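No gaps in the numbering here: position 89 of the sequence shown is 89 in the working numbering, and each next residue is one more.
In this text, a Cβ means the ideal position worked out from N, Cα and C, and glycines have one as well.
As the structure is a computational prediction, the values presented were derived from the model and not from experiment.
All remarks here apply to the structure that follows.
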Amino acid sequence: MIRVLLVDDQPLIRSGFRALLDIENDIEVVAEAADGREGLALAAKHLPDIALIDIRMPLLDGIEVTRRIAADPAMSGVHVVILTNYGLDEYVFHALRAGAAGFLVKDIQPEDFLHAIRVAARGDALLAPSITRRLIDRYVTTPPPGALTGRGLEDLTNREREAVALVARGLTNNEIAEAMVISPATAKTHVNRAMTKLRARDRAQLVVFAYESGLVTPRGS
């Protein structure tokens with residue numbers, strides 16, 4: 001069962017997402033919150049698999065909630081998915097750097113929304129290649145203050161670097177295995193070891209690291 005926490009200051013948005021989730025046999029909404037402070041408390045209390053968090057809220061915004069969840073070892077199993085009305089605005093990139101597993105635009109199609117919940121719950125890449133490219137084009141080509149400059153690359157083996165680069169291109173473990181001519185289990189091991197060495201919570205942070213560190217550069221740049 002995938003346990004979900006909804007955090008959004010708009011009741012209509014929360015009720016709409018809940019209606020979609022409640023009819024799924026493998027998903028359960030464990031709690032709802034109308035502001036970031038309440039959402040953080042409920043995340044600590046319920047330890048959901050997925051915390052769907054609006055990026056702009058009263059008391060604490062989605063970025064700060066994400067940062068605090070990511071910093072708390074007790075909530076290491078909570079995957080934060082940011083909700084936004086605005087697509088790829090500046091806040092989305094900062095949320096990913098703070099530890100979010102990915103993001104969804106609120107006008108997403110219902111079937112895509114449900115698929116994204118399941119993808120995030122299993123810890124796989126939530127950022128589709130098309131989303132990743134747009135993210136890179138807008139932000140990584142002009143890194144924000146505090147961006148990485150290769151720190152941590154020296155700790156990775158060549159195969160781990162290759163795996164991280166493929167994650168950054170939006171590939172799944174099976175696709176990475178095919179590209180590297182290895183088994184899916186070995187591909188997963190390379191990805192997991194890279195995440196451990198880089199202290200990345202999930203694959204979304206590997207994507208951010210890969211482009212900020214220069215391991216991968218935007219195509220055409």
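Grab the span of the alpha helix (DSSP H) containing THR189 for me, first residue to last.
-> 184-198
Taking buried to mean at least 16 other C-beta atoms within 10 Å of its own C-beta, is MET1 buried or exposed?
-> exposed
Excluding five sequence neighbours on each side, which residues of the same chain lie with their C-beta closer than 6 Å to the C-beta of ARG159?
-> HIS190
Going by DSSP, which residues form a beta bridge with VAL105?
-> THR84
Can you tell me the Cα-Cα spacing of GLN205 and ASP72, whole angstroms?
-> 16 Å
What is the DSSP secondary structure of VAL4, counted as helix, strand or coil?
-> strand
For MET194, which option in GLU175, LEU215, HIS94 has the closest C-alpha, if you only look at C-alpha atoms?
-> What sits at residue 194 in the sequence shown is Ala, not Met. Selected option, being the one with the closest Cα: LEU215.
Just the Cα atoms here: how many angstroms apart are THR84 and GLY102?
-> 11 Å
Near ARG37, which residues of its chain fall below 7 Å by C-beta distance, leaving aside the five closest residues on each side in sequence?
-> LEU59, LEU60
List the endpoints of the continuous alpha helix (DSSP H) containing ASP22.
-> 11-22
Between the CA atoms of ILE63 and HIS94 - distance to the nearest angstrom = 7 Å
Indicate the three-state DSSP secondary structure (helix, strand or coil) for ASP155 in the structure shown.
-> helix
Is ASP22 closer than 7 Å to ARG14 when the C-beta atoms are compared?
-> no
Inter-residue spacing [alpha-carbon to alpha-carbon] between SER183 and ALA168 | 19 Å
Between which two residues does the alpha helix (DSSP H) carrying ILE63 extend?
-> 62-71
Count the other CB atoms within 10 Å of the CB of ASN173; is the residue buried (16 or more) or exposed (fewer)?
-> buried
How is ASP202 classed by DSSP in three states: helix, strand or coil?
-> coil
Verify the CB distance criterion: does ILE82 have a CB-CB separation below 7 Å to chain B?
-> Note that chain B does not occur in the displayed structure, where there is just one protein chain.
Among ALA210, LEU20, MET75, which has the Cα closest to the Cα of GLN109?
-> LEU20
What's the gap between the Cα of ALA200 and the Cα of GLN10?
-> 31 Å
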